[in-house]
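Protein sequence lines correspond, in order, to chains A and B. The number in the working numbering is simply the position in the first sequence, starting from 1, with 7 added. The number in the working numbering is simply the position in the second sequence, starting from 1, with 7 added. Beta carbons: idealized from backbone N, C-alpha and C, even for Gly.
Number of protein chains: 2
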Amino acid sequence: MSENTGTHSDSGVSVRHMAPSKAALTRASILDAGRKYLETHPFRDLTVGNLMAGTEYSRPAFYLYFNDLHGLMETLLDEVKGGIVEGARIWLTNEGDAIASLQESLKALVDVGYECGGILKSVSDAAPSDARLEHVWETFLGSFDEVVSARIAHDQAKGITPEFDPLSMAHALNRMGAGVLIQAFGTTQKADKDVVLETITRIWISTLYPFNLNKARGV
Amino acid sequence: MSENTGTHSDSGVSVRHMAPSKAALTRASILDAGRKYLETHPFRDLTVGNLMAGTEYSRPAFYLYFNDLHGLMETLLDEVKGGIVEGARIWLTNEGDAIASLQESLKALVDVGYECGGILKSVSDAAPSDARLEHVWETFLGSFDEVVSARIAHDQAKGITPEFDPLSMAHALNRMGAGVLIQAFGTTQKADKDVVLETITRIWISTLYPFNLNKARGV
DNA sequence: CAGAGTTTATTACAGCATGTCAGAAAACAC
DNA sequence: GTGTTTTCTGACATGCTGTAATAAACTCTG
Numbered sequence: 008m009s010e011n012t013g014t015h016s017d018s019g020v021s022v023r024h025m026a027p028s029k030a031a032l033t034r035a036s037i038l039d040a041g042r043k044y045l046e047t048h049p050f051r052d053l054t055v056g057n058l059m060a061g062t063e064y065s066r067p068a069f070y071l072y073f074n075d076l077h078g079l080m081e082t083l084l085d086e087v088k089g090g091i092v093e094g095a096r097i098w099l100t101n102e103g104d105a106i107a108s109l110q111e112s113l114k115a116l117v118d119v120g121y122e123c124g125g126i127l128k129s130v131s132d133a134a135p136s137d138a139r140l141e142h143v144w145e146t147f148l149g150s151f152d153e154v155v156s157a158r159i160a161h162d163q164a165k166g167i168t169p170e171f172d173p174l175s176m177a178h179a180l181n182r183m184g185a186g187v188l189i190q191a192f193g194t195t196q197k198a199d200k201d202v203v204l205e206t207i208t209r210i211w212i213s214t215l216y217p218f219n220l221n222k223a224r225g226v
Numbered sequence: 008m009s010e011n012t013g014t015h016s017d018s019g020v021s022v023r024h025m026a027p028s029k030a031a032l033t034r035a036s037i038l039d040a041g042r043k044y045l046e047t048h049p050f051r052d053l054t055v056g057n058l059m060a061g062t063e064y065s066r067p068a069f070y071l072y073f074n075d076l077h078g079l080m081e082t083l084l085d086e087v088k089g090g091i092v093e094g095a096r097i098w099l100t101n102e103g104d105a106i107a108s109l110q111e112s113l114k115a116l117v118d119v120g121y122e123c124g125g126i127l128k129s130v131s132d133a134a135p136s137d138a139r140l141e142h143v144w145e146t147f148l149g150s151f152d153e154v155v156s157a158r159i160a161h162d163q164a165k166g167i168t169p170e171f172d173p174l175s176m177a178h179a180l181n182r183m184g185a186g187v188l189i190q191a192f193g194t195t196q197k198a199d200k201d202v203v204l205e206t207i208t209r210i211w212i213s214t215l216y217p218f219n220l221n222k223a224r225g226v
């Protein structure tokens, strides 16, 4: 929690709905400029200078609101985080048909990946050049490992999933998902959503629910 | 092909076995210093300055042998490239038992990943900050997509692998492999080789050869 | 082994992005 | 309007990059 949050004096005492301070507006416009810039340029070309050139403010104004460019990226990641965990919940909580709900979850994941692909690629590009952001990114991915692992263990106990190390499997499947989505939807030239979904879904179902061959094949 | 190769005046006319020029030795010692540095530091902390501090040469000497740090990384990648494609060949060429040879290939892959994990992580960390290296890295990964895709198509024709888009599947499986290996073996604190192999193998076999449930489960 | 020619390495410099700080300008309160 | 706080900017110091002019170290020849 080392970033300036725009509204500064309130420590979370539910001061919502107060007139947005000038600071909050400025900060938002910097974030807009960042999103806009990253739509057409890779993260490596982003500098504080050309970021702020996309706003009506001077370069040093940036530092009023962010520690550095990686802090900006962290904020952008936070914004999309919610939408991503959302779709995943279907399978993670559903006690009903495992395969159907997994398919639904993966579809939601591909959809949101399609939308946020650019941001996700930018963040994953930015992560290795900053220890803090790298940690945030790893933690973000790791959080999925845990919940997926839990669901796998649950299905193993039910006997519908073979025995293997759930955490390691969750880790591998998640890295695949992240890698594929970022690669497929990270650039302006986006891949075919359906093919990507088909592929990812097949891998997950084949691996986790191999006894239901027919269902998995969509027959 | 924009890097200085050490031996400069010969254009490949088989002038091997000439006494290694001073230049070649210097270049090699810079590469050594790079490998050594990256054993204990992330790529983001590597600068030309502290790289050359690990040698007996001055900072600008670096530029006699490499265009920049990313050029150095490209060379380091080239060095490990061979070992990686090597192991993969078993499955890619073997006409015999598909599952057995795939297992063998994956074992070889995990072994080499265990050895070169640090370099692979460094290169993949460095890639997003340089257009050229990013391209080299993507091409490197993409080369596996192609050969794996070909083998998948081959097995689909034989009827032992279900029908799906081979290239997309190869892509997904390869991204998983790369992500898992880099994450598992990229830091000094390495993960358990056997678990990683178990996990990766299960995913590949479940997905590509789902009809052989028993064999796949190592019964 | 002296001197010319070539290869290899260094010192010194210019460029560019970062992050800070002191002070200016705006916005607000009264 | 004047005083106070919030928001912003110009100017600066730092650190790393890549280059160019020059020096040092080899090598080859007579």
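Residue i - DSSP class collapsed to helix/strand/coil
i, result
"residue 166/B", "coil"
"residue 53/B", "coil"
"residue 110/A", "helix"
"residue 61/B", "coil"
"residue 48/B", "coil"
"residue 121/A", "helix"
"residue 33/B", "helix"
"residue 190/A", "helix"
"residue 72/A", "helix"
"residue 179/A", "helix"
"residue 116/B", "helix"
"residue 145/B", "helix"
"residue 23/B", "Because the pLDDT of residue 23/B is 39, which lies under 50, any placement of that residue in the model is unreliable, and the question is left without a value."
"residue 195/B", "coil"
"residue 104/B", "coil"
"residue 171/B", "coil"
"residue 151/A", "helix"
"residue 28/B", "coil"
"residue 137/B", "coil"
"residue 67/A", "helix"
Per-residue burial, residue i [other beta carbons within 10 Å of its own, 16 or more giving buried]
i, result
"residue 96/A", "exposed"
"residue 71/A", "exposed"
"residue 128/B", "buried"
"residue 156/A", "buried"
"residue 6/B", "Residue 6/B lies beyond the range of chain B shown here (8 to 226); nothing can be said about it."
"residue 173/A", "buried"
"residue 217/A", "buried"
"residue 206/B", "buried"
"residue 65/A", "exposed"
"residue 152/A", "buried"
"residue 124/A", "buried"
"residue 175/B", "buried"
"residue 186/B", "buried"
"residue 178/B", "buried"
"residue 116/B", "buried"
"residue 248/A", "This structure gives no information on residue 248/A, because the portion of chain A shown stretches from 8 to 226."
"residue 193/A", "buried"
"residue 78/B", "buried"
"residue 28/B", "exposed"
"residue 19/A", "Model confidence at residue 19/A stands at a pLDDT of 31, short of 50, so the residue's coordinates are unreliable and nothing is read from them."
Supposed close pair residue i, residue j - CB separation, criterion 8 Å
i, j, result
"residue 106/A", "residue 181/A", "Actually they are not in contact, since the Cβ atoms of residue 106/A and residue 181/A sit about 19 Å apart, beyond 8 Å."
"residue 140/B", "residue 183/B", "That belief does not hold up - the Cβ atoms of residue 140/B and residue 183/B are roughly 22 Å apart, past 8 Å."
"residue 40/A", "residue 62/A", "5 Å"
"residue 162/A", "residue 215/A", "7 Å"
"residue 114/B", "residue 188/B", "Not quite, the Cβ-Cβ distance comes to about 13 Å (not below 8 Å), so this is no contact."
"residue 55/B", "residue 38/B", "14 Å between Cβ atoms; not a contact."
"residue 87/B", "residue 126/B", "5 Å"
"residue 73/B", "residue 59/B", "Their Cβ separation, rounded to whole angstroms, is 11 Å, which puts residue 73/B and residue 59/B out of contact at 8 Å."
"residue 42/B", "residue 98/B", "About 29 Å; that fails the 8 Å criterion."
message = I'd like to know if the region 204-218 of chain A and the region 109-125 of chain A are in contact, where contact means that at least 3 CB-CB pairs between them fall below 8 Å.
response = Between the region 204-218 of chain A and the region 109-125 of chain A, the count of C-beta pairs closer than 8 Å reaches three or more; the two stretches touch.
inquiry  = Count Cβ pairs between the region 46-62 of chain A and the region 134-152 of chain B that sit closer than 8 Å; are there 3 or more?
reply    = In short, these stretches touch, since the Cβ pair count reaches three.
query = Is the region 160-167 of chain B touching the region 196-209 of chain A, taking contact as three or more C-beta pairs under 8 Å?
reply = Look at the beta carbons and you see the region 160-167 of chain B not touching the region 196-209 of chain A: under three pairs across the two are nearer than 8 Å.
ask   = Does the pairing of the region 84-91 of chain B with the region 119-126 of chain B give three or more beta-carbon distances under 8 Å?
value = The region 84-91 of chain B vs the region 119-126 of chain B: in contact.
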